[in-house]
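Notes for the one structure printed next.
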Amino acid sequence: MKAIIIDDETLARDLVNRYLQKFEQIEVVVSCVDGFSGFKAIQEHQPDLIFLDIQMPKITGFEMLELIEDPPMVIFSTAFDEYAIKAFEQNALDYLLKPYAESRFDEAINKALEKRTVSVKDNKYKLLQAITSHASTLDRMVVKIGQQIHVLPIDHICHFEAQDDYVAIYTEEGKYLKLLRMKSLEASLPKEDFVRIHRSHIINVKAIDRLELYEKDSYRLRLKNGKYLPVSRSGHSKLKALLKF
Amino acid sequence: MQHPFLKTNTLSLYLFIWLVVAGLFASALFFQFKLSWQGAITDAGIFHGIFGGLGLVYWFNVRYTSTDKSQWFNVLISHVAAAALSVGAGILIFQWLIRYLVADMAYEVFLKDTLSLRITLGVLYYAIVVLVYYVTLYYQDARSRVKKQVELQAMLKGAELEMLKSQINPHFIFNSLNSIASLTLASPEKAHDMVIKLSHFLRHSLGKKSEQMNSLKEELANILLYLDIEKVRFGDRLAVVTNVPESCQELMLPNLILQPLMENAIKHGIYENTEPVTIKLAAQQQQNLLQISISNEYDPNSTGRKGGGIGLKNVRERLHLIYGVSDWLHVSKNRQRFTVKLDIPQLSKE
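Shown next as structure tokens:
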């Protein structure tokens, strides 16, 4: 069984390595210090199991996991992250709270060896949703194009558009796709900057150029980049409430 | 509340004023009413002795009537009644005494002639003394209110400090404990060092009582301890450069004021960066200001999580609470470095 350790602290990685020594079936192929290199290593080595810290430089463990289409089994480890802990508890994934005892570690490994850990694949959606709903508002989004990871500050985003299971994210630089539901996205965006103007559209109010009457009784929005978006009746009243016109 | 005139120094002032008034009255009797000087002194002495004594009693009417504004009518009635009663009784006692001492017909006529004058004077004395009592009460009340306010402010400061202190990052503590767990297996001696450093740090951060000021030397020792612990966690990724001249070591600054700034430097420097980071800490004295700057390299490409600026806000508020005016903290940023500068006024020692 191939494993990867992703943690930004050397001593924390050392401890996992040491605890793993007695499990001959598990081979640590590589250790990574942040989410970027973790993402690359997972693509390259296709491990069966990863040990994933949450608070790391550049992107968090969760953000990294969002980017992986077919994630391996994950054992999370975190020191203190109240939102994450709630999310774990509700979704029965295995997680270790630092510092953890060797016996607790062994238990997690045995679950993994027997494939008893809930595969993240089945549960990824639920877990990530639980985390975004517990966490405070988003301040950035992590997306990928091919093997390239992009971190988008939330205020650089002009608008979102629903596209089947995905959401298209538009910035001035381009368009990115992310597996996401409009409803949970809407809930985690800062309320004073983003409005859902339509079933399939959420816009950044800073990107608005003007609101115009389209046909009798229906409106459309012109963005600063020249694009037109439809505005539903309820979207219109939300805009009205937020922008006070 | 105590009687304002029954303290040695105020009582002698009170008696002195009555003596002066009695003197004036006696000279009026002597010049205006052509009494003999012995007669004038006796008359004025007895009359003012009685009213001086009554004046001390008036306090109780002021003290034990309500100060509630809705009760003003009752208060007025009580003062009118007290004035009538006391002035009437005072004059009766005076007449009885003076007749006992100076019994003659001419004096009887003189007493009758001056009765209205004496009643007027009695009422005037009543009014003046009562007014003085009210002013005293008001003054004492205002003073105790100011005192209470000062106490409240100090309490608030203390409470706020407690709150700010309790904000030691749990992430830091649990990650440090995890490093120790790892070191106990790999290198027990280093684990031992780390436990001791962590204990010293926690003792300083949690154990400090309301003692608000601390020398730079002590604060610095604690900050370096904190950085040492982080160095164990992050190894070569963290380098620290300090530049604090010997002359600044004994200057004073608020307890734990540097801690949140250093935590910020670590958070934005180390937590959001995989490259090695140098944190610089410098201090200098400018006249009566202790100037401290803390700076860290940061990754300009990293879209770090915003901390909400809570650390900076807390420091700014604490300095504002302690020193008034609010521009003691300045933040600047260039392409690689984020710098926070603090000005700490040095109050002259009392």
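In the order they appear, the protein sequences are chains A and B.
Per numbering that gives the first Met the number 0, residue 0 is the first one in the first sequence, and the count goes up by one each step.
Per numbering that gives the first Met the number 0, residue 0 is the first one in the second sequence, and the count goes up by one each step.
We put the beta carbon where it would ideally sit given N, CA and C, even for glycine.
Here the structure is a predicted model, which is why all the values come from computation and not from measurement.
| said: Below 8 Å on the Cβ atoms is my contact criterion, and I expect P253 of chain B with Q211 of chain B to pass it. Report the Cβ-Cβ distance as a whole number of Å. | reply: 6 Å
| Residue environment, M91 of chain B, which counts as buried when at least 16 other CB atoms sit within 10 Å | According to the sequence as given, residue 91 of chain B is Leu; it is not Met. Classification of L91 of chain B: exposed, given that the 10 Å Cβ count is below 16.
| request: Compile a chain-ordered list of the residues in the stretch 322-338 of chain B whose CB is closer than 9 Å to at least one CB of chain A. | output: none
| query | With 16 as the cutoff for other CB atoms within 10 Å, does M154 of chain B come out buried or exposed? | reply | exposed
| query | Comparing the C-beta of E229 of chain B with each C-beta of chain A, is any distance below 7 Å? | reply | no
| Secondary structure at L12 of chain B, three-state DSSP: helix, strand or coil? | helix
| task | Just the chain B side, please: which residues come within less than 8 Å of A11 of chain A by C-beta, in chain order? | result | N174, N177, S178, S181
| Enclosing alpha helix (DSSP H) for A11 of chain A [first to last residue] | 9-19
| field | Length of the line joining the Cα atoms of Y132 of chain B and V61 of chain B | value | 7 Å
| said: Beta carbons nearer than 9 Å to chain B: which residues of the stretch 201-229 of chain A have them? | reply: none
| Integer-rounded CB distance, given that P275 of chain B should sit under 8 Å from A220 of chain B | About 25 Å; that fails the 8 Å criterion.
| Are D326 of chain B and L288 of chain B close, meaning C-beta to C-beta below 7 Å? | no
| request: Anything in the stretch 51-66 of chain A with a Cβ closer than 7 Å to a Cβ of chain B? List those residues in chain order, please. | output: Q54, P56, K57
| request: Alpha carbon to alpha carbon, how far is H155 of chain A from R139 of chain A? Give it in angstroms, no decimals. | output: 9 Å
| In chain order, what residues of the same chain have a beta carbon less than 6 Å from the beta carbon of A281 of chain B, not counting five sequence neighbours either side? | N242, S292
| Cross-strand partners of C157 of chain A (DSSP beta bridge) | According to DSSP, which records beta bridges pairwise, C157 of chain A is partnered with nothing at all.
| query | Counting only beta-carbon atoms, is N272 of chain B nearer than 7 Å to chain A? | reply | yes
| request: Taking only the alpha-carbon atoms, compute the straight-line gap between D105 of chain A and N203 of chain A and give it to the nearest angstrom. | output: 47 Å
| Is it true that the CB of L222 of chain A sits closer than 7 Å to the CB of V230 of chain A? | no
| query | Quick one, which residues of the stretch 31-53 of chain A are near chain B if we go by CB-CB under 7 Å, in chain order? | reply | V32, D33
| With C-beta atoms as the reference, is I45 of chain B less than 7 Å away from F93 of chain B? | yes
| Helix, strand or coil: how does DSSP classify Q148 of chain B here? | helix
| request: Please check if any C-beta of chain A sits within less than 7 Å of the C-beta of G374 of chain B. | output: The shown model of chain B, from 0 to 349, leaves out residue 374 of chain B, and the question about it has no answer.
| field | Test item: CB-CB of I148 of chain A and L137 of chain A under 7 Å | value | no
| message | Can you pull the chain B neighbours of E245 of chain A, defined as C-beta to C-beta under 8 Å? | response | With chain A represented from 0 up to 244, any question about residue 245 of chain A goes unanswered, as that position is not in the structure.
| query | How should Q54 of chain A be labelled, buried or exposed, when 16 other C-beta atoms within 10 angstroms of its C-beta is the threshold for buried? | reply | buried
| query | Any chance the stretch 38-50 of chain A sits against the stretch 141-155 of chain B, with 3 or more Cβ pairs inside 8 Å? | reply | no
| request: Output yes if chain B places a C-beta closer than 7 Å to the C-beta of A78 of chain A; else output no. | output: yes
| task | Check the Cβ of H170 of chain B against every Cβ in chain A and list those closer than 7 Å, keeping chain order. | result | Q54, A78, F79
| Assigned exposure category for W36 of chain B - 16 Cβ within 10 Å defines buried | exposed
| query | Going along chain B, which residues have a C-beta under 8 Å from R103 of chain A? | reply | Chain B residues near R103 of chain A: none, gap ~12 Å exceeds 8 Å.
| Per-residue burial, F4 of chain B [other beta carbons within 10 Å of its own, 16 or more giving buried] | buried
| Pick from B:T183, B:N300, B:D227: whose alpha carbon is nearest that of A100 of chain A? | B:T183
| message | Short of 8 Å in beta carbon distance, which residues of its chain neighbour K57 of chain A, apart from the five on each side in sequence? Order them along the chain. | response | D33, G34, F35, V150
| query | chain B partners of P189 of chain A, CB-CB under 8 Å? | reply | Result: empty, since nearest Cβ-Cβ is about 11 Å, beyond 8 Å.
| S175 of chain B (DSSP reduced to helix, strand or coil) | helix
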